[in-house]
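To start, the structure itself, in structure tokens.
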Ligand SMILES: CC(C)(COP(=O)(O)OP(=O)(O)OC[C@H]1O[C@@H](n2cnc3c(N)ncnc32)[C@H](O)[C@@H]1OP(=O)(O)O)[C@@H](O)C(=O)NCCC(=O)NCCS
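Here it is, written out as structure tokens:
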């Protein structure tokens, strides 16, 4: 199966937290098979003082879009909250849930995205390769031409 139906997805643990962050499941989003989009869990990243500082997504499925461009785990921290390593902590917080679904997953970043690269490398994810972004992928339209791929064993 390359992408499960939303009904077949596992239930995340009630509490996912680590260090200064707690993850709050905001929604489970259905895939769009015709575009290679798989279902994903969208968690908000909540800091110790209760601020919503960003999000982390866990995509379940193995289409070309996921394997080459999006990766299974993606994160973003709002600009005003960057600089505290919240994305790294969020990855560590989500690790037990990811591990309950797959032994290892792919995380990608654009080569010039140094904050993302550093975050992924500090997770001890292993660099796999750098691959071309297919011209039909939405990431190409956004300007990405290559992706660095890492294998993360959470
Ligand atoms: C990637 C992102 C989530 C990281 O946010 P964050 O958790 O606040 O990360 P930080 O700013 O604390 O930086 C993490 C590490 O990268 C380093 N870093 C940050 N910006 C850097 C830069 N321009 N050059 C080199 N290193 C940089 C930091 O020094 C830190 O390293 P350290 O752990 O050794 O101190 C955030 O920059 C972001 O949301 N970017 C836009 C969305 C995005 O690119 N998402 C990832 C897609 S794969």
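Residue numbers (this note's numbering): 2 to 155.
Note that beta-carbon positions come from the ideal geometry of N, C-alpha and C, so glycine has one too.
By the Cβ criterion, the stretch 24–36 is not in contact with the stretch 109–119, since fewer than three pairs of Cβ atoms, one from each stretch, lie closer than 8 Å. Checking the DSSP bridge columns, you'll see residue 56 partnered with 45 and 77. Listed in chain order, the beta strand (DSSP E) runs fully inside the stretch 57–144 are 74–78, 106–110 and 127–133, counting runs of at least 3 residues.
The Cβ atoms of residue 24 and residue 95 lie closer than 8 Å to each other. Around the beta carbon of residue 128, fewer than 16 other beta carbons sit within 10 angstroms, so the residue counts as exposed. In chain order, 4, 5, 6, 7, 10, 29, 30, 31, 32, 60, 61 and 62 place their CB closer than 8 Å to the CB of residue 40, counting only its own chain and leaving out the 5 sequence neighbours on each side. Of the other Cβ atoms in all chains shown, fewer than 16 fall within 10 Å of the Cβ of residue 14; this residue is therefore exposed. 88 is the residue among 88, 150 and 51 whose C-alpha sits nearest the C-alpha of residue 120. Taking the C-beta atoms as reference points, residue 106 is found nearer than 8 Å to residue 73. Within the same chain, Cβ atoms closer than 6 Å to the Cβ of residue 126 are found at 108, 151 and 153, the five residues on either side in sequence being excluded.
The beta carbons of residue 92 and residue 148 sit about 17 Å from each other, so the pair does not count as a contact at 8 Å. The DSSP-derived three-state label of residue 18 is strand. Sequence-distant Cβ neighbours of residue 124 in its own chain, meaning closer than 7 Å and more than five residues away, are 89, 92 and 153.
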